[in-house]
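Residue numbers (this note's numbering), protein chains in the order written: chain A, 1 to 384; chain B, 1001 to 1384.
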DNA sequence: TCATGCCGTTAAAACGTGTCAACCCCGCAG
DNA sequence: CTGCGGGGTTGACACGTTTTAACGGCATGA
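Set out below in structure tokens:
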């Protein structure tokens, strides 16, 4: 690759280590800007700007000349100057709850793909489930003058409201909202909880465990409500479900929960975890303790992350259209950015789907011939 | 939370839907800038700027007055204007190979944490192992005028050179470099490959499989070299190791590789995968086909992602200091940004560590009492 | 021939911040 | 009382782009 192929990140010329910032003399410009391009192409700076932003308004011949000058000089538009003058950037902020959870990574992939297609860059940040970190990082977003923000709020969206008051469009990610003044994209977590626990009960479980994270997290609260609803629908007393709350939503916390259960001596027939990471942690400790899954304890997780299918005992889980979540949220956000007037806020709500694998299949159940069964409201997705 | 607690993302005031961009008349300023703060505090704009950037140069009393004005007006510094004038931003770009690989997510966590501590924002992008995407996204970084770039290159760093010619500091991530004109942070993949295959051979394997991604990826090439070196050291012929190259580094590709192996009829004694995702895919297909791991085929992966320990058969893997990789790379980058002259480029090279779990443990081996054994050059890390 | 549009181009004025030389004020030594 | 020094503060300009009103040239129709 010795020739300078098309489209590479170009470099103007090799530059000395230290150069006075403001010298446009004979030594070559410190940075090549729109002005240099204009001069090189024999037009005015305004025309170059037009070529960049409204190519249709400039005569083909001139345009070609300018474009060639851009290539020859290796000009790269100065995003900050553009943002400053135009009043908006080509950057969106993405704030997730937990970067090490594959669920959010998958969401981030959707966001990144969609943003990239529209020429936007993604500013990524993790709140690590901390309001204080969320706050601090959103402030950084505000300073960077992001065009819009996608956020999985830790506090029901109060911080997000602050942004909206600044006229920064916000789309709530994985968080439904009753309010019509904003977009949101979410999956019905109540239905998901109901689906999971309903299945466990239908499979004959009489006592349940529910391992969950901080109840302040909407995801946890909703999945719990769904679980309780299923319990009620089956005519079971509320005491039939023991709740174990752990401070985080990762595998380590799941292990802790399982150890607590084991220490108590009596295990429930089945355990529903608010999260696959929790479930994997629970499973690991149970298996190490010699507890059979699902024979002794059935297990269902949530999110259906890629690794659940490959777990020690393939994990049943509630599947969400994760990648789509990120994609659609981004599309909505950019739509609102491009046309704040005409934009109609939407609250998108997906329906989850229960993927039944070995961890919740009754031993010797009649349908055990199939490796994987999925039920739920949504249509069928392609197999992973 | 009805009172306006300290430090929340503040909003100047509720604003109407559409406002003329340039009207600083009686209706209140479109945006509150350094000028408004100055007026409110009874000082000049220059002083406000000094409060923001060199607080020590301004008298305590004045500073307090300005800071209060900032709070009262909910001023947020305009990052773009700052960048434009100062000539550099408070943003770093991070380009990874694959966002859905937990290895890179973990790296990203380290980057995000370190950057956040220094008040920097992270622009995230995935090249998805495509040169063209890498190129396009690096161009976006360049437009955004990132302060520096962290990149896991797909092409040995040629694109990165382009950036450096533009005086944008670059640190190579998970990619060693012999050249002294740049920083790099990496783990010795040759040693890792040698460690893994050496172990498999020591455990008695006579025939091997090596499942790997595109040989253009340095990681794959190096791990392969290490594997071959171990083979040679054991006095085995090169033909003893069958290589299976798949187009991607994910679980699906691993499944494909395993199916190819099964179709051929004869399985090797052991398989080394260039990646845990590949290994998990391989394992899944093998187990479904009734092949015992490790009794029939031993298996070792690479990266030691969190989920490997929870796999159907806990997966042996080559562990890397993943989070640290991101953290240290970021520290180096910011150090170079802060002081380009005084900065001495460093090529950091970590040593990997083999974590032996069930997937590569000989059935009935003498040491089978321990649940997990780890060997390698590095010191001991805390247990996960 | 001259007025009339129209298209393409231009010059100049912003956008909000950082920088730096100049300036002011006050205390102190001469 | 004057000159001097220095810390604090000021004001104006520059950063690179977008935008807008104005302008020039050309073709058309009267």
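Note that CB positions come from ideal geometry on N, CA and C, so glycine has one too.
This structure is a prediction, so every number in the text was calculated from the model and none was measured.
Checking 8 Å against the spacing of the C-beta atoms, do residue 1187 of chain B and residue 1320 of chain B come in under that value? One thing to note: residue 1187 of chain B has its Cβ within 8 Å of the Cβ of residue 1320 of chain B.
Between residue 1058 of chain B and the ligand FMN, is the CB less than 7 Å from at least one heavy atom? For the structure depicted, the ligand FMN is absent and the ligand set is empty, with no information on it obtainable.
Name the chain B residues whose beta carbon is nearer than 8 Å to that of residue 280 of chain A? 1307 and 1310
Please report the residue range of the alpha helix (DSSP H) in which residue 116 of chain A lies. First-last of the alpha helix (DSSP H) with residue 116 of chain A: 102–117.
Taking 6 Å as the limit between beta carbons, can you name the residues of its chain near residue 96 of chain A, skipping five residues before and five after? Closer than 6 Å at Cβ, skipping near neighbours: 104, 126 and 152.
Let's test the definition: count the other Cβ atoms within 10 Å of the Cβ of residue 82 of chain A and tell me whether it reaches 16, buried, or not, exposed. Counting the other CB atoms within 10 Å of its CB gives residue 82 of chain A a total of 16 or more, which places it among the buried residues.
Here's the rule: buried if 16 or more other CB atoms are within 10 angstroms of the residue's CB, otherwise exposed. What is residue 1119 of chain B? So residue 1119 of chain B counts as exposed.
For residue 271 of chain A, name the three-state secondary structure that DSSP assigns. Of the three classes helix, strand and coil, the one that applies to residue 271 of chain A here is strand, per DSSP.
Neighbouring residues, chain A, relative to residue 1237 of chain B (Cβ below 7 Å): Per Cβ cutoff of 7 Å: no residues; residue 1237 of chain B is ~33 Å from chain A at best.
Within chain B, the residues that residue 99 of chain A reaches when beta carbons sit closer than 8 Å: 1105, 1108, 1109 and 1112
Less than 8 Å between the beta carbons of residue 333 of chain A and residue 171 of chain A, yes or no? yes
List the residues of chain A whose Cβ lies closer than 7 Å to the Cβ of residue 1143 of chain B, in chain order. Within chain A, the residues near residue 1143 of chain B are 76, 77 and 79.
For residue 386 of chain A, which three-state DSSP category applies? Residue 386 of chain A falls outside the range modelled here, since chain A spans only 1 to 384, and no answer is possible.
What's the C-alpha gap between residue 247 of chain A and residue 124 of chain A? Straight across, the Cα-Cα distance linking residue 247 of chain A with residue 124 of chain A is about 24 Å.
Given a cut-off of 8 Å, decide if residue 352 of chain A and residue 195 of chain A are closer than it, judged by their beta-carbon atoms. yes
Strictly below 9 Å CB to CB, what residues from chain B border residue 122 of chain A? 1123, 1124 and 1125
Taking C-beta pairs closer than 9 Å, name the residues in chain A that residue 1321 of chain B reaches, listed in chain order. Under the 9 Å cutoff, chain A gives no residues; its nearest Cβ is about 15 Å from residue 1321 of chain B.
Please state if the CB of residue 111 of chain A and the CB of residue 330 of chain A are separated by a distance shorter than 8 Å. yes
Do you know whose CA, among A:345, A:355, A:102 and A:361, lies nearest residue 184 of chain A's CA? A:345
Assign residue 160 of chain A to one of two classes, buried (16 or more other C-beta atoms within 10 Å of its C-beta) or exposed (fewer than that). buried
Within 8 Å (strictly less), CB to CB, does residue 150 of chain A reach chain B? no
To the nearest angstrom, how far is it from the Cα of residue 1142 of chain B to the Cα of residue 1107 of chain B? 22 Å
Chain A contacts made by the stretch 1235–1264 of chain B, where a contact means CB separation under 7 Å: 1251
Any C-beta of chain B under 8 Å from that of residue 153 of chain A: no
Could you tell me which of B:1051, B:1035 and B:1338 sits nearest to residue 1045 of chain B, measuring between CA atoms? It is B:1035 whose Cα lies nearest to the Cα of residue 1045 of chain B.
Can you check the stretch 42–93 of chain A for any alpha helix (DSSP H) of at least 4 residues that lies completely inside it and give the ranges in chain order? Counting only unbroken stretches of 4 or more residues, the alpha helix (DSSP H) elements lying wholly within the stretch 42–93 of chain A are 45–53, 60–73 and 79–86, in sequence order.
Is the stretch 235–243 of chain A close to the stretch 297–312 of chain A, with three or more CB pairs under 8 Å? no
As assigned by DSSP and simplified to three states, the class of residue 1330 of chain B: helix
Alpha carbon to alpha carbon, how far is residue 1149 of chain B from residue 1162 of chain B? Roughly 12 Å between the two C-alpha positions.
What are the uninterrupted segments assigned as beta strand (DSSP E) that are 3 or more residues long and contained completely in the stretch 1212–1273 of chain B, given in chain order? 1241–1245 and 1270–1273
Classify residue 266 of chain A as buried or exposed, calling it buried when 16 or more other Cβ atoms lie within 10 Å of its own Cβ. Looking at its Cβ environment, which holds fewer than 16 other Cβ atoms inside 10 Å, residue 266 of chain A is exposed.
Report yes or no: is there a C-beta of chain B within less than 8 Å of the C-beta of residue 225 of chain A? no
DSSP on residue 1335 of chain B, reduced to helix/strand/coil? helix
Do the CB positions of residue 1211 of chain B and residue 1262 of chain B come within less than 8 Å of each other? no
Would you verify that the beta carbon of residue 1084 of chain B is, or is not, closer than 8 Å to some beta carbon of chain A? yes
Same chain, Cβ closer than 7 Å to residue 1189 of chain B, five either side skipped, listed in chain order: 1219, 1222, 1223 and 1226
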